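Protein chains in written order, with this note's numbering: chain D, 1 to 341; chain X, 1001 to 1341; chain U, 2001 to 2348; chain P, 3001 to 3348.
Quick reminder that beta carbons are idealized off the backbone N, C-alpha and C, glycines included.
What you are looking at is a predicted structure, and each value in this text was computed from that prediction instead of being measured.
Have a look at the structure below before the remarks.
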Ligand SMILES: Cc1ncc(C[n+]2csc(CCOP(=O)(O)OP(=O)(O)O)c2C)c(N)n1
Ligand SMILES: Cc1ncc(C[n+]2csc(CCOP(=O)(O)OP(=O)(O)O)c2C)c(N)n1
Ligand SMILES: [Mg+2]
Ligand SMILES: [Mg+2]
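This is how it looks when you write it as structure tokens:
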């Protein structure tokens, strides 16, 4: 590969700050450069560079055999990626909007997730794409997809909240021998506040390990993705207005869940609030609650509570969507109540 | 319709006991007789009468326009059922093994579940079929599917544990204006112990209401489906061997969840064990735990615990499957521990 | 180009032109509204494709009492929606996500429904609506009704499993359904050749055992004629058919797409085949309409769009709490307790 | 019936017969084992279809070092599995759910894998394996390898979205893949006419822009010849092709199915087209084999099945706790705490 690296993929090399989107592009680019067996499949990822431009200029750099524009067939090309993985390649699939992962639900849950268990060997395959609300995308361009897959043993699910994490976690996902669903929140892609200068080395952030975003003593908030930032906002309000000290755990990987990190923090603060953008019933807060109940019941000084989206499809209109989504004020209210409990 | 009713569908009329499978057949038969707009779609349900013979002789009785053998296309015919429901029909779809509902995941979660919310009106549609393990069916003929859909607002999920409930709940599901996923445990279909004489009237069991299977004071077990019977076995052991009094709640409807029934029982016994056949992580026990935490934390005298299948695909071999599935002894162990807590 | 009016009278010929003009004017109005910041979400033009939807829908039985044919349009088939009685003001309300619109701000643009008028809006996941329309038209056959259904989809949607499962189900079950393939040569940035190896979608017909034909999608009368013939066959019991519209997407996938992956010469070539220009010239040449009549139609289309848009602009957005209603017909979904009066969940 | 040996030598002609006999003997042994209570799950016969799988697989490049062609069989294509080196003893271990089998009791019957030998077992959800094989063969094209892949599926599976998405993807991407359609006229109790309106699956080829042909699936040499030609085209860069095997499922879907929905006369008709009988007669007629040679092959097939089955019977079932391993390559999934030494979850 003697082609020049496109300018916009050299920001970290040049010591410039990058957005989360750029961090993801860099991760893909570096992994493809490092390992010839990594290749990309997805709709409009070639000439167009992807609906969100994550793979802009990849086609010219890596050529048609490594950046494949697929037919509109999420099941078909995700299944094909699995077949290629059997043969020693390491496919990274882009789902244009993660809402459209559902036609691939069958092949992901039945074939891909069970491959190693059924004796068909490791399945190094990443399925990545944009998720999340707040963009007035309506019911089919706003979904979070973690709970469609959280119940499927054999899958890993990653959901980064910062540029640095996104890059390191995506690299770890690509190098993982297991299938990974990688969720990228659209609202974080280009968020100016998330721009940061990344380490210039080939760093990797291990899957399955949560991150303590903020230490605190009165209350633990377990969260991930875009809600990490709303939770931090809430924690600052609580600290300045109420003198409440909030510890925030960013899960980073949802499956496998970093139970130890959660339990340890709850043992310290004795209170737990789970915050997720996804809808309420059947959301990940439930699993977290029962794990804490199992492992740290005696440490709990108050109910485990949650702040989540409403149980409804994601509505289109801004006023409805804002009401639908969990807001910073909701986190403040719930945390305040719990702190005083 | 002046044809004679097939003999095997007259058992309740004749005061004879029926199996759960026969109860389901009767429910379908009676609803189709009562309401011309009810019709059936599925693979091999016509001449063959369905893989489990639930619709045996329906074709000759109701004719080809009401008992439709479909191509092997779960997404296609479930979607078609939705279209027919828009036009005023009330389709009941059979999935040959509920494991094969996954190709219909897209249309169910995105189209069917959201219909009323999106303004396309009610969606009276039942999707029913056999679920569950214990039959040496392996990874693709043994699944429980509730958690694939529990996170989707707009759906209802029903999972009966007795012949009487199966009939009454299926009738209620067919008459419901919302889409219902109706799970029938293969191990219960013909279980001799479940044969019972059913009421001879057109009874209906309302969706969303749990049933207290057994009253008790020391501990609540919340469960459903085949695990109701293992839980009852366990409770009897606990009562006779330990003098522990166990209350058992059969959820019957998983979505919407009968939170009130659960909370009320926990407020009485102060201890909660959830038992489900489905795999552990992301199972319904989590949602139940956080609801109880939210609504009855102060009443809890011990951790909320769960007995479930292992986090793995359903293995084929009997020895593996028995280890994989939750057993009566596991329920006894957990309940004993909790009772003594 | 066809030489006759295919039995259509002057009024009908004018109606066709009106529908074309309304489609064009509505979309141009949308672009303006978007620049003014009134539109929620993207604007997806069907520039150059107007005649396909208009000609096809015109060949169906349109009723307003739920007894006519059923239609499932796409975002590039807004003309069909208008012909079936979809109101301009509702169209603008939908694009502006107003609470007064038919989906009360819950769904976007043309994703809306009126079973009496006979249209069912699409959902985003491509292919799904073929399954839905297969079932709608199945119900017509089961009940012995004389109705038929029509579902639109682009070339790219043909790659989806839903497209196949729905079409095959319809074919086997002899559902009275016409699948209109909007072959505009692109699926977002992907040329048709990367979605299928066939050069015409009619090659797919025999694989489903159904009749299929292709028609110039820029020629409104040719489309009307082809679809009317297909509709007659379908209605008289032949079962499912396919009609392919051949034309070109002269704009980007949506407003945000500069379409720089398309050869500009190709776009210019297709500009010469503008369906409004072509039909207008024909109307004049055949003396089916006078210049004054056409100008009046054009003016009327422009005015009604302007008026409808302005009215919609003034209308309110939905109330936030409406987000929680109607998830079920009967059960009310739990309110997010942190926004209730008390944050204590035991009081919720 | 073809008249020549298609360039095959005596040994190869005998190998073909051996594969047919092994398939037949293995299944008959299975039926016996099932009656004796040794089999976990159903027994799915391919009676009358043996020649399809055998002839097709024989036309591929079989290797044992992971450089040959790839095959995805079905339960009715066990002959292909055997030709690719699948061991009889493993076949019986799988059907008996033994811990010594290739999937250690986790998966059923022919659902097993050996990438070195070149076969990948199917999963139950129909259609999936076309997607998988599309990707396997895509990798051959991307890496410039000369390998090709073959995937089997029944007529009924053609209705699935996965079938369509996988085949279309393969066609567009020119994956070197052959789809073998096992058209045995039934899908469980459903006749082919209720799964598709086409009378031959070759009518589906043009809809994907791929070559397709039909062959008498009871004639092992005809199948071999057709598939060898197809394989040459595919290997030399033509991309995806389809070959339809025409024959009949002479038994029920599985043992539990009395097949009473089938006209018995039809079954009797097809009994006369038994692929083993036909080929045996040809071998003798053309003097490609002597009666003694054939009897020896038959005896050998019978004996090796008996020996393998007996050996497998004596082997252990898996240990229960093996159920929790290998869900991931690295993470260990939580053990069910109630079966741990202590029921206290804080100690787990
Ligand atoms: C299942 C699915 N995958 C991806 C998308 C995203 N998407 C929306 S429109 C589009 C292109 C559609 O092309 P085509 O069907 O040709 O219709 P056109 O836009 O050309 O009218 C894509 C990929 C989707 N809506 N559904
Ligand atoms: C998606 C899916 N739906 C349903 C089934 C259940 N099923 C197993 S085999 C079968 C019939 C298959 O018929 P065909 O493809 O013709 O293969 P054959 O058995 O005739 O070889 C069905 C419906 C399945 N395995 N997968
Ligand atoms: Mg297109
Ligand atoms: Mg078949």
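For residue 303 (chain D), there is no enclosing beta strand (DSSP E), as DSSP gives it neither H nor E.
Of all alpha-carbon atoms in D:12, D:66, D:16 and D:253, the one lying nearest the alpha-carbon of residue 33 (chain D) is that of D:66. Close partners of residue 3339 (chain P) in chain X (Cβ separation under 7 Å): 1330. Residues are counted here when their Cβ sits less than 8 Å from a Cβ of chain D; for the region 1110–1140 of chain X these are 1110, 1113, 1114, 1117, 1118, 1139 and 1140, given in chain order.
One Cα belongs to residue 1263 (chain X), the other to residue 1290 (chain X), and the distance between them is close to 11 Å. A distance below 8 Å between beta-carbons, with the five flanking residues on each side excluded, links residue 3013 (chain P) to the following residues of its chain, in chain order: 3005, 3283, 3288 and 3289.
In the structure shown, residue 3321 (chain P) falls within a helical segment according to DSSP collapsed to helix, strand and coil. Of the residues D:151, D:114 and D:101, the one whose Cα lies closest to the Cα of residue 130 (chain D) is D:101.
Here residue 2176 (chain U) is near residue 2140 (chain U), since their CB atoms are less than 8 Å apart.
Between residue 2166 (chain U) and residue 2205 (chain U), the C-beta spacing is not below 8 Å.
Counting only Cβ-Cβ distances below 9 Å, residue 3196 (chain P) has contacts in chain U at 2168, 2171, 2172, 2207, 2208 and 2209, in chain order. Burial of residue 1258 (chain X) is indicated by the presence of at least 16 other C-beta atoms within 10 angstroms of its C-beta. Taking C-alpha positions only, residue 3190 (chain P) is separated from residue 2208 (chain U) by approximately 17 Å. By the Cβ criterion, the region 3107–3114 of chain P is not in contact with the region 3132–3152 of chain P, since fewer than three pairs of Cβ atoms, one from each stretch, lie closer than 8 Å.
Of the candidates X:1158, X:1181, X:1204 and X:1185, X:1204 places its Cα closest to the Cα of residue 1172 (chain X). Taking a Cβ-Cβ cut-off of 8 Å, the neighbours of residue 333 (chain D) in chain U comprise 2338, 2339 and 2343, given in sequence order. Secondary structure of residue 1182 (chain X) (DSSP, three-state): strand. In the displayed model, residue 2072 (chain U) falls within a strand according to three-state DSSP. The distance from the Cβ of residue 278 (chain D) to that of residue 253 (chain D) is about 16 Å, inconsistent with a contact at the 8 Å cut-off. Annotation: the continuous alpha helix (DSSP H) that includes residue 33 (chain D) extends over 20–34.
In this structure the region 1057–1066 of chain X does not touch the region 1086–1102 of chain X; the number of beta carbon pairs closer than 8 Å is below three. Judged by the Cβ position, residue 3217 (chain P) fails to qualify as a neighbour of ligand 4 at the 7 Å threshold, every heavy atom of the ligand being at least this far. DSSP, read as helix, strand or coil, puts residue 3129 (chain P) in helix. Relative to ligand 2, even the nearest heavy atom lies 7 Å or more away from the CB of residue 284 (chain D). Contact between residue 76 (chain D) and residue 3169 (chain P) holds, with the beta-carbon distance rounding to 4 Å and staying under 8 Å. Ranked by Cα distance from residue 2089 (chain U), the options U:2080, U:2132, U:2079 and U:2100 are led by U:2100.
Checking the 7 Å criterion, the Cβ of residue 106 (chain D) is out of range of every heavy atom belonging to ligand 1.
DSSP places residue 94 (chain D) inside the beta strand (DSSP E), whose first and last residues are 90–94.
Nearest to residue 2093 (chain U) by alpha-carbon distance, out of D:104, D:317 and D:333, is D:317. The C-beta separation of residue 1164 (chain X) from residue 1125 (chain X) comes to about 24 Å, leaving the pair out of contact by the 8 Å criterion. Of the heavy atoms belonging to ligand 2, none sits nearer than 7 Å to the Cβ of residue 1052 (chain X). Shown here, residue 2141 (chain U) sits in a helix according to DSSP, grouped into three states.
Around the beta carbon of residue 1145 (chain X), 16 or more other beta carbons lie within 10 angstroms, which makes this residue buried. The distance from the Cβ of residue 118 (chain D) to that of residue 3329 (chain P) is about 13 Å, inconsistent with a contact at the 8 Å cut-off.
Taking all protein chains in view, the Cβ of residue 250 (chain D) is crowded by 16 or more other Cβ atoms within 10 Å, so the residue is classified as buried. The nearest non-hydrogen atom of ligand 1 is 7 Å or more from the C-beta of residue 135 (chain D).
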